[in-house]
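Visitor: I am attaching a structure below and will ask some questions about it afterwards.
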Amino acid sequence: MKMPPPFLPFLTSLLLVAAAIAAEGSVDNSTFSPRDYILLDCGSSGQTTDADGRTWNGDTGSKYAPSLNSVGSQASNQDSSVPQYPYLTARVFTSPFTYSFPLGAGRKYLRLYFYPSDYPNHAANDSLFAVTAGPITLLHNFSAYQTSLALNFAYLIREFSVNVSSAGLNLTFTPSTNRSNSYAFINGIEIVSMPDIFSTVTPLLITGSTPTEYPIQDDWAMETVYRLNVGGQAISPSGDPGMYRSWGDDSLYIYGAGIGVTYSADPNVTIQYSASLPEYIAPTAVYATARSMGPDPSVNINYNLSWILPVDAGFFYLARLHFCEIQYPITKLNQRVFDIFLDNETAYEGADVIAWSSGIGKPVYEDYVVATTGSGLMDLWVALHPDRKRKPEYFDAILNGMEIFKLQDSSNNLAGLNPDLPPQPDVEPDKILNKKNGSKSSTTPVIVGAVVGGVAVIGLCFLALVLCRRKKSKGKDGSATDGPSGWLPLSLYGNSHSAVSAKTTNTTGSYTSSLPSNLCRHFSFAEIEAATNKFDEALLLGVGGFGKVYRGEFDDGTMVAIKRGNPMSEQGVHEFQTEIEMLSKLRHRHLVSLIGYCEDDREMILVYDYMSRGTLREHLYKTQKPPLPWKQRLEICIGAARGLHYLHTGAKHTIIHRDVKTTNILLDEKWVAKVSDFGLSKTGPTLDNTHVSTVVKGSFGYLDPEYFRRQQLTEKSDVYSFGVVLFEVLCARPALNTALPKEQVSLAEWALHCQKKGILDQIVDPYLKGKIYPQCFKKFAETAEKCVSDQGIDRPATGDVLWNLEFALQLQESAEESGSLTADGTSDVENPATVIDGKRDADDPSMVTRSTTTTSTSTISIGGQSIISQDSEGLTPSAVFSQIMNPEGR
């Protein structure tokens, strides 16, 4: 299983994005005021303001480095996903250089900012250096270029905690002697005083036997490896005032499909800090959200809620786990009791947060130390499991936040090895860089990263991590919701989106539906139970953010897919309502058909015909199914295009799907493609408007960059997503794959690059080698290229996309009929044997075969623009809801 690279959450630009979208944690909840607070913009002069509104001072002529009397270097290419400050300029050193910071004694956060790029007379891959803070080695033989390439990051931030003496802090950058032309560089230095948050509690050393106390010494240095807001959204430095820490999204590191459920604090619960746990330990936003295992004890008892965190082997790690009970009815002892495991060893048995904290809404944290051996990267496991011995009222576990700190070793060293680069494909990174006068001129590989630097900029760096390893789904939507978030029967909302408190109603859900009875049937809960054999787990098809999906069969023999909402899921009411409202009024051969729904006894259940062939994606990669012939792939793409075309132009009002992807294109037994999942769909703009302004939602890897930047939804956003689908069909690889080099992680970006370079044929699915007629290939590639244009105005309408795909099919059929393709399947189209993610064998970590279909995607938003419809009549009901075959929460 491919694991994600170390998160180092401060490295990822999405922290800023999520905070900007959600505006969470923006209030001042810290009682700590730092004595020393330095923001040094290296290589610049004067003052600049970053995306968080913080003021940086240039180091030119600074008292910290008086010898630097001229401006520094500027990258030869500034990636659009990188914030300007402090990354616009850098200080480059070809010999050792020391910054001297006069500071008060005590602990400091030291954050180093790196943008690995070509600087004048210095190639990016020549940077190799050490950084020391007094006697502490922070980095050794550090290659920011290799690290960023391996981790798919546009820029890097490394955070350390060092104890400073009264003499201040000397920070030295030393080029390595192991490589000719090596140099050191730095873009920004941040120093913030911090209170003593480590020695107040003595952690336990987990050894596999009885844990022993392991006091943290005052003079030890540490590196922050992970800081995660478990169950909540990412928090930017402005959301943690006084400490200016970044908190990342934990869902990237959850193991397997057991993601549990996420939730926020009950409205009647207030986070209550105390003298023993002040506000600066963690912001309110951390304790006000949580992840638990879910409401089903029979499920919970059979799995661990687990996180996998890759770390540098050979060091001790301090794991700080943050807890706070924030939901009724957990108010008493022995209601929720669980065991804690670290690195596959028992850290604590019988954890009871109420017993630790003395009440609901009262935060508490527990510290543990884990020793690791060896070298290179290893996986550090954190797992929770219900404690059966104590027979608690609820078999469940909870976690609100998590921090992992690397402790210095006996030689005052914190430096680990540079991460290994992923296996290189035929087209090597060196060939991707533009050449100028015989030397590489960096284009700094296309970064899949999201950055808000005062202005929202498209990015997928964090998003790449989301998909980088496995069959896992997110537990909650990372953005603001479009409608009510409470768990209430649809009837309570009527046709409006006004929320009604769940505490003020006794409604059971029985009501007279306003939906057309001839198009959408209301099922009783008893009928649903009978069809699923009382929700037999043996009939489970998948688990998503909305809930579980079961295969069912009614008395008349009709096979169905039944999606049952999870009452603890934060996605639900709005998507449930939208799906019914949209699908009950739409009928088309290439759209899924909703059979009915049930909301008896406060249930939210959707019923569809069972789609026997599953999703398009499961026939492309990560599967043991035989690969689809090219002509059949074309026909499927044409069917999906017809469905989208009808949505945009054939219905009474324009409908923008917002989540077009290969898992939402389903196939019936006759291989007819049908677009599914209308939970995110939006009615398009009226004639008087060009767009719909809305919160960004959709799926990473398919996200329209223009929609992301401007939050203005049009039909052309659907077109962009469909363009990614076209490339996915052609190349048989995921939309995002972080096992690949940075510039190749995003399929849309990489395929577009290859198309413009004339080498797209090199990344085509090897199975298609010699099976695509050259003119068909050209037409298909040009169509996909236009679909993923950066600006919507440059993208074709879905009617034009449909016409071009049908023309490509005609070219392919004509070639096959005329014998232009030879008997052995060869043609003019060259495709190398080894291609990006094209292998269908277990040697390729991104193409691991398996019999079940559980791939991974995360969600945000999408939209698009188009014209008239074909086949708007004549429906064969067959549908599986959005996440049936490949479930994932939004």
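Mapping of the sequence shown onto mature numbering (1 follows the signal peptide of the UniProt record, and there is no 0): residues -22 to -1, 1 to 868, in sequence order.
Heads up, the beta-carbon is just placed ideally off N, CA and C, and yes, glycines get one too.
1) In three-state DSSP terms, what is residue 567?
2) Please report the Cβ distance between residue 295 and residue 348, rounded to the nearest whole angstrom; I am assuming they are in contact, meaning their Cβ atoms lie under 8 Å.
3) Can the beta-carbon of residue 114 be found less than 8 Å from the beta-carbon of residue 396?
4) Per the DSSP calculation, residue 286 is bridged to which residue(s)?
5) Scan the stretch 314 to 390 and note each continuous alpha helix (DSSP H) run of 4 residues or more that stays entirely inside, going in chain order.
6) Can you give the Cα-Cα distance for residue 339 and residue 696, rounded to whole angstroms?
7) At the level of alpha carbons, what is the spacing between residue 257 and residue 624?
8) For residue 302, which three-state DSSP category applies?
9) Out of 690, 275, 751, which has the shortest C-alpha to C-alpha gap to residue 370?
10) Would you say the stretch 678 to 688 touches the stretch 609 to 627, given that touching needs at least three Cβ pairs under 8 Å?
11) Pop quiz: residue 142 and residue 84 are said to be a contact at Cβ under 8 Å. What is the actual Cβ separation, rounded to whole angstroms?
12) With DSSP as the reference, label residue 623 as helix, strand or coil.
13) By how many angstroms is the C-alpha of residue 48 removed from the C-alpha of residue 64?
14) Grab the span of the beta strand (DSSP E) containing residue 89 for me, first residue to last.
15) Compute the distance between the beta-carbons of residue 209 and residue 378, then report whether it is under 8 Å.
16) By Cβ distance, which residues of its chain are closer than 7 Å to residue 223, with the 5 residues on each side in sequence left out?
17) Out of curiosity, what's the CA-to-CA distance linking residue 679 and residue 148?
18) Just tell me which of 631, 628, 647, 651 has its CA closest to the CA of residue 638.
19) Which stretch, first to last residue, makes up the alpha helix (DSSP H) that contains residue 701?
20) Can you find the residues in the same chain that come closer than 8 Å, C-beta to C-beta, to residue 82, ignoring five residues on each side of it along the sequence?
21) From the DSSP secondary-structure annotation, give me the bridge partner or partners of residue 72.
22) Between residue 873 and residue 653, is the Cβ-Cβ spacing less than 8 Å?
23) If the criterion is Cβ atoms closer than 8 Å, does the pair residue 240 and residue 269 meet it?
24) For the beta strand (DSSP E) that residue 717 lies in, which residues bound it at each end?
25) Of the residues 692, 162, 290, 174, which one's Cα is nearest the Cα of residue 139?
26) Within 10 angstroms of the Cβ of residue 238, are there 16 or more other Cβ atoms? Answer buried if so, exposed if not.
27) Label residue 571 either buried or exposed according to how many other C-beta atoms from any shown protein chain fall within 10 Å of its C-beta, with 16 as the threshold for buried.
28) Since I believe residue 289 is in contact with residue 350 (beta carbons under 8 Å), could you give me their beta-carbon distance rounded to a whole number of angstroms?
29) Could you give the distance in angstroms between the alpha-carbon of residue 485 and the alpha-carbon of residue 374?
30) In three-state DSSP terms, what is residue 809?
31) Tell me, please, whether the stretch 742 to 752 touches the stretch 595 to 614 by the rule of three or more beta-carbon pairs shorter than 8 Å.
32) Where residue 259 and residue 760 are concerned, what is the direct C-alpha to C-alpha distance, given to the nearest angstrom?
33) Can you tell me the Cα-Cα spacing of residue 128 and residue 719, whole angstroms?
34) In terms of residue numbering, what span does the beta strand (DSSP E) encompassing residue 643 cover?
35) For my contact list, residue 615 and residue 789 are in at a C-beta cut-off of 8 Å; report their separation, rounded to the angstrom.
Guide: Reading it off the structure:
1) To locate residue 567, count along the sequence shown from 1; it is residue 589. In this structure, residue 567 counts as coil in the three-state DSSP scheme.
2) What you label residue 295 is simply residue 317 of the sequence shown in a count that begins at 1. What you label residue 348 is simply residue 370 of the sequence shown in a count that begins at 1. About 5 Å separates the beta carbons of residue 295 and residue 348, which is inside the 8 Å limit, making them a contact pair.
3) Looking up residue 114 in the sequence shown gives position 136. Looking up residue 396 in the sequence shown gives position 418. At the C-beta level, residue 114 and residue 396 stay beyond 8 Å of one another.
4) By 1-based counting over the sequence shown, the position of residue 286 is 308. Checking the DSSP bridge columns, you'll see residue 286 partnered with 359.
5) Listed in chain order, the alpha helix (DSSP H) elements of length 4 or more contained wholly in the stretch 314 to 390 are 331 to 335.
6) Reading the sequence shown from its first residue, position 361 is the one you call residue 339. Reading the sequence shown from its first residue, position 718 is the one you call residue 696. About 43 Å.
7) By 1-based counting over the sequence shown, the position of residue 257 is 279. By 1-based counting over the sequence shown, the position of residue 624 is 646. Taking the straight line from one Cα to the other gives about 54 Å.
8) Counted from its first residue, the sequence shown places residue 302 at position 324. DSSP places residue 302 in the coil class of the three-state scheme, outside both helix and strand.
9) For the purposes of this step, residue 370 is identified with residue 392 of the sequence shown, where counting begins at 1. Cα-wise, what sits closest to residue 370 is 275.
10) Flag = no, the stretch 678 to 688 and the stretch 609 to 627 do not touch.
11) Residue 142 sits at position 164 when you count from the first residue of the sequence shown. Residue 84 sits at position 106 when you count from the first residue of the sequence shown. The beta-carbon separation of residue 142 and residue 84, rounded to 6 Å, stays under the 8 Å limit for a contact.
12) As a position in the sequence shown, residue 623 is number 645, starting the count at 1. Judged by DSSP in its simplified three-state form, residue 623 adopts helix.
13) Residue 64 sits at position 86 when you count from the first residue of the sequence shown. Residue 48 sits at position 70 when you count from the first residue of the sequence shown. Those two C-alpha atoms are separated by around 17 Å.
14) Against the sequence shown, residue 89 aligns to sequence position 111. Counting along the chain, the unbroken beta strand (DSSP E) around residue 89 starts and ends at 84 to 92.
15) The residue labelled residue 209 in the question sits at position 231 within the sequence shown. The residue labelled residue 378 in the question sits at position 400 within the sequence shown. Yes. Within cutoff.
16) Position 245 of the sequence shown holds residue 223. Here the set comprises 205, 215.
17) Along the sequence shown, one-based indexing puts residue 679 at 701. Along the sequence shown, one-based indexing puts residue 148 at 170. Taking the straight line joining both Cα atoms gives about 43 Å.
18) Here residue 638 refers to the residue found at position 660 when the sequence shown is read from its first residue. Taking only the C-alpha atoms, the option nearest residue 638 is 651.
19) Within the sequence shown, numbered from 1, the residue matching residue 701 stands at position 723. Its alpha helix (DSSP H) spans residues 693 to 709.
20) Position 104 of the sequence shown, counted from the first residue, corresponds to residue 82. Result list for residue 82: 13, 14, 142, 144, 171, in chain order.
21) Taking the sequence shown and counting its residues from 1, the one referred to as residue 72 is at position 94. By DSSP's assignment, residue 72 forms no beta bridge with any residue.
22) Absent from the structure is residue 873, since the part of the chain shown begins at -22 and ends at 868.
23) Taking the sequence shown and counting its residues from 1, the one referred to as residue 240 is at position 262. Taking the sequence shown and counting its residues from 1, the one referred to as residue 269 is at position 291. Contact flag set, yes.
24) Along the sequence shown, read from residue 1 onward, the residue named residue 717 stands at position 739. It is not in any beta strand (DSSP E) - residue 717 carries neither H nor E in the DSSP assignment.
25) Position 161 of the sequence shown holds residue 139. For the residues 692, 162, 290, 174, the minimum Cα distance to residue 139 belongs to 174.
26) Position 260 of the sequence shown, counting from 1, holds the residue named residue 238. By the neighbour-count rule (16 or more Cβ atoms within 10 Å), residue 238 is buried.
27) As a working note, residue 571 is residue 593 in the sequence shown. Around the beta carbon of residue 571, 16 or more other beta carbons sit within 10 angstroms, so the residue counts as buried.
28) Here residue 350 refers to the residue found at position 372 when the sequence shown is read from its first residue. Here residue 289 refers to the residue found at position 311 when the sequence shown is read from its first residue. Rounded, the Cβ-Cβ distance is 7 Å, consistent with contact.
29) Locating residue 485 in the sequence shown gives position 507, counting from the first residue. Locating residue 374 in the sequence shown gives position 396, counting from the first residue. Summary for residue 485: the model assigns pLDDT 25, below 50, so the residue's position carries little reliability, and this model does not support an answer.
30) One-based indexing of the sequence shown puts residue 809 at position 831. Reliability fails at residue 809, whose pLDDT of 37 lies under 50, so the model's placement of it is uncertain and no value is given.
31) Cβ pair count under 8 Å is three or more, so yes.
32) In the sequence shown, the residue the question calls residue 259 occupies position 281. In the sequence shown, the residue the question calls residue 760 occupies position 782. Our two residues, residue 259 and residue 760, have alpha carbons roughly 54 Å apart in a direct line.
33) Working through the sequence shown from its first residue, we reach residue 128 at position 150. Working through the sequence shown from its first residue, we reach residue 719 at position 741. Approximately 7 Å, taken between the alpha carbons.
34) As a working mapping, residue 643 is identified with position 665 in the sequence shown. If you look at residue 643, you'll find it in the beta strand (DSSP E) that goes 643 to 645.
35) Locating residue 615 in the sequence shown gives position 637, counting from the first residue. Locating residue 789 in the sequence shown gives position 811, counting from the first residue. Not confirmed; about 14 Å, so no contact.
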